[in-house]
Amino acid sequence: MRKSPLISLTCAAVAAPFLHAQDGGEKITYNDHIRPMLENKCFSCHSPDKKKGDLDLTSFAALMTGGGGGAVVDPGNVEGSRLWTTCAKKEEPFMPPEGAPLSPKDLDLLAAWVKGGVLETKSSIAKKSNKPKVDMAVAVTGGKPEGPIAKPEHVLLEPVVVPPRGTALTAMAYSPWTSLFAVAAPKQILLYDTESRQLVGIFPYTEGYARSLQFSRNGSLLVMGGGRAGKNGHAIVWDVKTGKRITEVGKEFDQVMAADISPDHKMVALGSPSKKVKCYDTSNGEELYVISKHTEWILGTKFSPDGVLLATTDRNGNVMVWEAANGGEFYILGQHKGPANDIAWRADSNILASCSSDGTIIVWEMNEGKKVKDWAAHGGGVQSVSFTPDGKIVSSGNDGLVRVWDINGNKLAEAPGQGDLVTKVVAGFDSKSAISANWRGELIQWSFMDKSLVEAARYVSNPSPIAQRIVQAEQRMAELNGKLPALQEAAKKAEADVKAREDALAKVRAEVAATEARSKSLPGEIANDEKAFAAAKAALTKALADHKARVEAIKQHADKSAKLAALQKDQAAVTAEAAKLAAADKGVADVTAALEAAKKDPAQQSKLKELEAKLAAARAEQQKLAPLKAKMDQITAAVNKAKAELGVAPAAVADLDKLVAETTAKVKSLGEGIAAKKAELPKLPALVKAGPDRIKGAEGNLASARNALTTAQLAAKSASDEVGVLQKVPTALKAAQFNTGVLAEKEKLAKLEEDFNTFTEAKKDAESAKAAAARRIEDSKKAVADATAAQPALEAILKKVQGEQAALETAIKPARDADAAAKAKVDEQKKIISTKEAELAAAAKAKDDAVAAAKKAAEDIAKVIEAKKKSLAEVNAKLKGPEDQVNAKKAPVAKFEGNLAAVKKSAADLTAALPAQEKTAKDLAASVPNLTAEIQAADKALADAKNAAGATSAALEAAKKELAAKAGDAALTAKLAAAEKSAAEAAGKPAQAQQTLDAKKAARAAAEKKLADALNAAGKTRKELENAKAASVQAEKQLAQARAELANAEKAAAPIRGQRDSIQKEIDAQSKALAEKQAAPAAIEKDYAARIAPINAAIAAAKTALPPLEQAYAAAHGALEAEQKVLDAKKAEVAKAGADFEGAKKKKADAEAVIAAATKEIPEKDKIIAEATSELAKLQPQLEPQRTKVKQMTDQYLAMLPK
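Residue numbers (my numbering): 610 to 1812.
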């Protein structure tokens, strides 16, 4: 709080809209009202001795100073004053923590004091809130906002403090649309331009330590969350362009760990160790909603780029998403296994990334609130995560690394290790760079390369004073100018190296492609060459054969030619001899013709002999020369044959010599080529396999060269650009150094103008209040005079009407007595009627109660019967099983009784049949020996017959032999006949004996079979009898067991049957009682009718007497009412006259009180006017000179800036 020069205006920073709490009424002040109230409730804890929460309430100054969490009252803003909100139980910690809370009256008094401007005394000037009441709302757009993007202009560049070394950096942010990042340093926020690499702004923050920074979506605002650990916390919003604080929200009792501002600038959300997320209205600082779902310290709060959602994380690893407008739950996404240190939204608001100390990054989608991907990103934990505008993820961790990922967790690039924990990383607006901060306070700018991050620049987190930075800039420029030629030359060499390696890569790719093509085509080439080789060898073989054949043909043709020549020579010789043969042939022909002609010509008959002799001689000569003809024919044939065999002379061998030479060369060439290709073929797979590695190696070489080129070009460009910037830096810094004074003078001017406006408004308000007090005095004096003048007449009227009222009270007494007497008679008859009607009602009630009781008893009995029936049903149900068992046991008993009777009958039948069967068997057994004897006799007879037949047969043979010895012997013939007869007779007897024996055996077999059958039948009967006896015993046992089981079943059923019978008896008894109770109401009704008859008669008599009495009472009461109206009218006149008289007295007293208060107030206002006039007289001369000074200094500063 700023202090005013006037003691009476202490702590008044600006003029307030309220001069006192109630217009024209008593002012609520600290000394008169608030301190006494707080003394009873709060001083035991919030005194100079204890000072809990670093808050002392025992003095106005101490209260206005506030506590560890900042100010506790905000003038004019009741909801924004924690002194009121904690006492009203609207904000924790609730006050007082123990004992009775403040009463509604006390809370209203406290609220009135805050609303009235937190006055210390009645002469104090009301204060107004120091919170900006501005509407910061902007439209939310999907892309880059229109117009220039905000960058600091003419803001402070002189450090608030200069730490000796860098400290751990945990809060950093990158503007979403330009080359500007902010980083929190001790006591200040530093803003750097990554294009010029210069410090372009310092926003002082001396209240604590910044824990988070975030640019607004359009880049025009910077929000910071921070405070003092265990003391206080808040969020502050700066205007990036001007560096001015726009608003401050939150009054936490611990430092704020994370804060963000909504894209429309209407809300600020913050989180702290309280485990709560709070959202505030930026226009008035009021709390909009609180989220209490988290279970640990809040570590992250981020609005989605479209402003629809709010994401939060905590130290338990929870990641949650809320509706930004009202804090409603949207998704409880899930939980890391360690603290969720940071979160980031993708530009389209559809994807959220979170990171954790468990080393993982998780990507969540917002359509269904599900996990898209998670991966282990950094050993030891992930500290920070950020999205590039094009959707890549940049992260940093405890392993000292910065890495770039795609949305699926594939690593795209990595920066060299920094050797310490990388606390924060933010992606650049161009998707090509990032800034990292580490535990040692190092700030590094990285450029995205193919698969790596290359350091592009470094920034300091503890900038030196401007004067020192000017020297450093000049030294740096000299250093860079010395290095620049070498850097540019290195860039040229790197460019040439890239070209060479590009050529090398192209060559390697061509060679690899050729090798791959060669590996594919060579087997085919070898196959084709082998085919060509075989064809060439075949062609060579053929050519050699043709050459040989041609040579042989030439030789043969020569031999044939020589032979033909010889034959032709012989032919010539023979041809010479052959002329004689032709002559001989001609001679024979001529003589033959002449002879034939002579034979035809008679004249020539004489020459016939001569001609015949000549013909004979000619023929003899012809015969002599005939061998020569054969020889001639033979040699001619040989010549013709030789000519035919000779044929066409073969061509020369020169063409074949050439063909053989060419073919031989081709065979040799193909053979050598095939051998070479076959030698090459096994080597190709290795070459093909090595191809990708060669390309990869060449690509790696090229990538290294390109990276080196990029590094070299970047170094050269950076140096060149930095030189270009540094050329202007000393001038700019000198201007900034001067601007520090300009800003100080502007602050002085603002203070002067603020104080001037304060006193001007205070004077104006006091003058208005003084004039109003004077007007109230004049008005009140008139009111006193009017009231004094009116009082005598009003008092006379009051006394007159009071006398008239007393006379009327006396005159009305006879009417009142008559009315009372008539009313007493009416009341007497009404009492009789009411008494009898009460008796009648009592009788009716007694009757109804009795009837109801009877019905109730009947209902109860019916319920009992119903219950018994239910019990009976349950017993019957219980009995069903035993009864079923009894019935089930009866059936076996009947069955076994029938079985036993049947078995006994069967045994009796078998016993009766057995003697006859045994007798039959005995008789048959007795007949068998006789049959055996007969068989023995028949067997002997058969043997005798066979012996006799043998003897007769022997005798017959003997007789035949004897007769044969003595043929024709009659005796022997007779003997033979007799022997034949005996033999014939004897031969038939064995068969007869055999038949007899067989018959006897068959008879015995039949007898034996009958005996066996009889024995079997008897045995079967005996066995069946034994079985029947055994079955009888078994049946008796089964029957006994069945009877025992039946008895047991009967025994088991007997108790339940008894229970059933008992319940049935109870039901019968209750049914009888029920009938009696059901008949009772009719008897009760009859008794009731007899009792009420005399009562009804008495009521009828009283009702007959009542009407005349009521008429008399009505007449008396009418007369009384007429007189009473006159009396009431007079009472009204008395009341009015009294009110008028008292009103005049009160009006006079009130006016006199107003005159006294206003008379007292005017000197107070005169004092304020005098003090304000005095202060204005002091301030007025300072204003214009200060304004002139500020303008001159501003113009000078602007002129100092580099052009």
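Beta carbons: idealized from backbone N, C-alpha and C, even for Gly. Since the model is a prediction, treat every value here as computed from it, not as a measurement.
Query, Result
"Starting from H843, follow its DSSP beta bridges and name the residues at the other end.", "G835"
"Determine the extent of the beta strand (DSSP E) in which P813 is found, giving its start and end residues.", "807-813"
"In its own chain, which residues sit with a C-beta less than 7 Å from the C-beta of T1369, not counting the 5 before and 5 after it?", "L1785"
"How long is the line joining the alpha carbons of R1110 and K1129, rounded to whole angstroms?", "28 Å"
"Note the first and the last residue of the continuous alpha helix (DSSP H) segment covering M876.", "Unbroken run through M876 is the beta strand (DSSP E), 876-880; no alpha helix (DSSP H)."
"Please report the distance separating the alpha-carbon of A1024 from that of I1044.", "11 Å"
"Which residues in the same chain have their Cβ closer than 6 Å to the Cβ of V981, if we skip the five residues on either side of it in sequence?", "V972, E974"
"Straight-line CA distance for D1804 to H763?", "12 Å"
"Since T730 and N640 should fall inside the 8 Å C-beta cutoff, what is the C-beta to C-beta distance between them, to a whole number of angstroms?", "6 Å"
"Is it the case that the Cβ atoms of K1445 and A1711 are separated by a distance below 8 Å?", "yes"
"So, under 8 Å CB-CB, A1714 and Q1438 are touching, yes? Tell me the CB distance rounded to an integer number of Å.", "5 Å"
"When the Cα atoms are used, what is the spatial distance from M1058 to S892?", "44 Å"
"Locate the beta strand (DSSP E) running through T910, then write down its first and last residues.", "907-912"
"Measure the C-alpha to C-alpha separation of I900 and V886 and round it to an integer number of angstroms.", "5 Å"
"With contact counted as at least three CB pairs below 8 Å, one residue from each stretch, are the region 1407-1427 and the region 1724-1732 in contact?", "yes"
"For the ligand FAD, I want to know if L918 counts as a neighbour, meaning its beta carbon is within less than 7 Å of at least one of the ligand's heavy atoms.", "Absence of the ligand FAD from the depicted structure is noted, as is the absence of any ligand whatsoever, leaving it without description."
"Under the assumption that D1138 contacts I1283 (Cβ atoms under 8 Å), give the Cβ distance between them as a whole number of angstroms.", "5 Å"
"Between the beta-carbon of M1809 and the beta-carbon of T1349, is there less than 8 Å?", "no"
"Determine the direct distance from the alpha carbon of V1011 to that of G1026, and round the result to whole angstroms.", "8 Å"
"Starting from the C-beta of A1258, find all residues in its chain whose C-beta is less than 7 Å away, skip the five residues before and the five after it, and write them out in chain order.", "H1166"
"State buried or exposed for R774, treating a residue as buried only when at least 16 other CB atoms are found within 10 Å of its CB.", "exposed"
"E896 bridges to which residues according to DSSP?", "Y889"
"Check whether the region 1685-1697 touches the region 1443-1461, counting contact only when three or more Cβ pairs, one atom from each stretch, lie closer than 8 Å.", "yes"
"Tell me the rounded alpha-carbon separation between D957 and T695.", "41 Å"
"Return the CA-CA distance between K850 and A1328, expressed in angstroms with no decimal places.", "28 Å"
"Is the CB of N893 under 8 Å away from at least one CB in chain B?", "The question asks about chain B, but that chain is absent: this structure has only one protein chain."
"Under a three-way DSSP split, which group does V771 fall into?", "coil"
"Of the residues E1566, T803, G852, which one's Cα is nearest the Cα of Y814?", "G852"
"Output yes or no for whether 8 Å exceeds the beta carbon distance between I970 and I941.", "no"
"N1047: which of E1362, A1382, M781, Q1414 sits nearest, CA to CA?", "M781"
"Count the other CB atoms within 10 Å of the CB of N827; is the residue buried (16 or more) or exposed (fewer)?", "buried"
"Between which two residues does the alpha helix (DSSP H) containing T694 stretch?", "691-696"
"Enumerate in chain order the residues of its own chain whose CB-to-CB distance from Q1795 is below 8 Å, with the five nearest sequence positions on each side excluded.", "E1354, K1357, L1358, L1361"
"Helix, strand or coil: how does DSSP classify S1215 here?", "helix"
"With distance defined between alpha-carbon atoms, name the residue in A1500, E1761, K1610, K1379 nearest to K1776.", "K1379"
"List the endpoints of the continuous alpha helix (DSSP H) containing I1421.", "Run containing I1421: none; DSSP gives neither H nor E here."
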